[in-house]
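Chains as they are written, first to last, in the numbering used here: chain U, 384 to 721; chain H, 14 to 301; chain Z, 30 to 263.
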């Protein structure tokens, strides 16, 4: 019996979802023409959370680096935007890009420290780092100390003369970055390094014995994630135009919500954060008036999902119907057999 | 003289930090669970103590008689009802479930008590102090708090190493499967460990609530202080944890002496220095 | 005919989707010693783990003294009087020798075994009672593991890979002590790789091959030829 096989990494569903994604991106690109200002703000926020969630999912779901301190880099990005534009006269968009590089560089010594902690202790270690950042920035009096400061009008005006144009530009930056981040996460996971990461997640001992360098792969992802999260932080506070240590390094806004999105959508899947972010915003837009009751409900939902369906909504759907929108696994197809 | 005074204050508050840490350390030692909601449980017991002592008109310390059993039972039920289901090879479920629990506790407290800071009143003991030669004066309250903290760590040490329950804790920690073959119910043992952790949490919560004001969002920084004391002292060593708490308290007080804004930061920096140079802590015993 | 203390009926056991035991039916009578032999991976340890409640997914019945114990947790089964001396001894490393024995003894069943009777049987353990158990030699560890199982005064004692990894002289002394360990009225199942040792100690023997019973019978009546055929599958 001779059979020949072909290794497939795409399917009808995944090709279709690729086309739909392209159309969706084009459609969203034109949002400033068909959507109101409030909708643009909401869309921007959705994209920012989608990006944060995808990055956190890459860290926690694929590398086992469960960070509860990503707000360190969000806040850092915000503060670097303010510092670079106010003190060094950078254009805001240039400042955001430069801050991404700085964020990645700063994450190296941070990683040197916290990679000594394992598992849940790593998680709390990342939190301590975020607290150190928060307390340190609160000491910088020229950026308003503990009470924070606003972006000077001159700098805001330098982005674009009209308010509408400024908001559209920021929106396109956010949309572009989101597409870039989703694509990068996907490509990282499809690369040799990504395959190694998935192998590590599924069996650390076996991949160690196969000579996969775990530490280097994890460090790579940590640094890339830190840089991109810093850029996101810059964009978040370019939208807000005002920063304070408590808002910039807020564990609820930049980490807790992100974790809920990923857990509810499906941790360790590319599709999970997309589903999760939709569920999160639908819940928020309908229930946000409830205030802290809404957060209590989120907490219960997350616990319920973690115990009953640890792979989240997408994990449940994909195991039931065996589909992947962004295929990472390879399927064997018989092309000739006797 | 001021400096010596701040160092002494730091040592005394270090006892409280060691209590934050001891409960965390105990459950990590027995079941490798890191409870992200630990700090929120400390604040929860402070609020419970506040409600019970004001509504029944009891001294905060007397309210412990009521709050301790409530929290211990809550811990046991929480462990058996939810947390045991999350334990396994994957570290994500316990982490995320206790993170969810933390959000639930914080927001429930906010809903019930509002965001206003609260404080418990323990009467004259709070301001009474002991004058020492050389112009030093030590508050009775911090001193009592320190002595009781040391005592509690001693009792935990005794339970862990000298009693049948402690033997069961250590056996289950070594090898859950074999412990079950010896007739130890893992779920029950873990429930008991969480109940004891909650007893320590409650005492820490009441001490904290008398010492300073607290609000529903105060939990996470208590978790972090406890965590730092554990790592500075070294995993699995309760006396090490006490030293870790003292180092943290002293660093914070020295930082505050230099610049009031540096108090908490100085503690974090002490932690980072230990992590950089002695990653396993000063008195390490078990691997994480 | 003495009473059946333990029986499995067509037992299937699984690790996830992998089936490790196929319709294994084994009986153990009161006062009897049976041996289970077979090559590596034949399912001997899986059988022991199934009986003691350590395998989550099993099909069909396991009865102990006429009552089903299927689905009970390991600690519940242990309390009914089934004790195991696990493969690789598995003493608790952070407990002293005596603490290990006391952990076994916290199942409070009536019987002859308590600290001093265990120490009488294994005097070496008495001298080492306060040292951490991971500092014992292999043979002493096996004695401590046996002592730990005895401390619960079990009715059935299971030995998984009783002599694996031990020096011949130690194995000899353990087998010499076995009659004192498995006292009147007690029953035992011994998993042993050494066929002649297994035949010598047991009343009956079961040979497993790839998760199935390939042969069983009275230890005195089976021939070498039959056994090697069942053992190696040739």
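Idealized CB from N, CA, C, for every residue including glycine.
Computed from a predicted model, the values in this text were never measured in an experiment.
query	result
Reduced DSSP secondary structure (H/G/I, E/B, other) of residue 67 of chain Z	strand
Residue 709 of chain U - DSSP class collapsed to helix/strand/coil	coil
Selected residue, minimal CA-CA separation from residue 220 of chain Z, among Z/237, Z/209, Z/208	Z/237
Other residues of its chain near residue 44 of chain Z: CB distance less than 7 Å, five sequence neighbours each side excluded	none
Residues near residue 483 of chain U in its chain [Cβ-Cβ closer than 8 Å; skip 5 each side]	460, 610, 611, 613, 614, 617
Start and end residues, beta strand (DSSP E) containing residue 243 of chain Z	241 to 247
Chain-ordered neighbours of residue 177 of chain H on chain Z, where CB pairs are closer than 8 Å	131, 135
Residue 20 of chain H beta carbon less than 8 Å from that of residue 200 of chain H	no
Length of the line joining the Cα atoms of residue 165 of chain Z and residue 131 of chain H	56 Å
Partner residues on chain H for residue 121 of chain Z, Cβ-Cβ distance less than 8 Å	183, 184, 187, 188, 191, 192
Contact set between residue 172 of chain Z and chain H, taken where Cβ atoms lie within less than 9 Å	Chain H residues near residue 172 of chain Z: none, gap ~16 Å exceeds 9 Å.
Unbroken stretches of the alpha helix (DSSP H), 4 residues or longer, contained in the region 44 to 80 of chain H	51 to 68
Cut-off 7 Å between Cβ atoms - residues of its own chain near residue 533 of chain U, not counting five sequence neighbours on either side	624, 625
Spatial distance of residue 246 of chain Z from residue 234 of chain Z (CA atoms)	6 Å
Cβ-based burial, residue 668 of chain U [other Cβ within 10 Å; buried from 16]	exposed
DSSP bridge partner residues for residue 272 of chain H (one or two, in chain order)	Answer is none; residue 272 of chain H lacks a bridge partner.
Reference residue 231 of chain Z, options Z/249, Z/243, Z/214, Z/130, closest by Cα	Z/249
N- and C-terminal bounds of the beta strand (DSSP E) containing residue 501 of chain U	From DSSP, residue 501 of chain U is part of no beta strand (DSSP E); its letter is neither H nor E.
Coil, strand or helix - residue 674 of chain U by DSSP	coil
Assigned secondary structure, residue 111 of chain Z (DSSP; H/G/I helix, E/B strand, else coil)	strand
Beta bridge counterpart(s) of residue 44 of chain Z as assigned by DSSP	Z/47
Run of the alpha helix (DSSP H) containing residue 88 of chain Z, from where it starts to where it stops	Unbroken run through residue 88 of chain Z is the beta strand (DSSP E), 86 to 93; no alpha helix (DSSP H).
Selection from H/196, H/166, H/142 that minimises the alpha carbon distance to residue 177 of chain Z	H/196
Partners in chain H for residue 124 of chain Z, counting only beta-carbon separations shorter than 8 Å	180, 183, 184, 187
Min CB distance residue 297 of chain H to chain U below 8 Å	no
Beta carbon proximity, residue 134 of chain H to chain U, threshold 8 Å	no
One or two residues paired with residue 730 of chain U in a DSSP bridge	Chain U is shown from 384 up to 721; residue 730 of chain U falls before or after that span and cannot be answered.
Closest residue to residue 648 of chain U among U/674, U/507, U/660 (Cα-Cα distance)	U/660
Residue 209 of chain Z and residue 150 of chain Z closer than 8 Å at C-beta	yes
8 Å Cβ cut-off: residues of chain U touching residue 233 of chain H	510, 634
Selection of the region 247 to 278 of chain H by Cβ proximity to chain U, strictly under 7 Å	274, 277, 278
For residue 647 of chain U, three-class secondary structure by DSSP	helix
For residue 181 of chain H, the three-state DSSP class (helix, strand or coil)	helix
Simplified DSSP state of residue 164 of chain H, which is helix, strand or coil	helix
Beta-ladder partner(s) of residue 236 of chain Z, from DSSP	Z/66, Z/244
Residue 143 of chain H - containing beta strand (DSSP E), residue span	142 to 144
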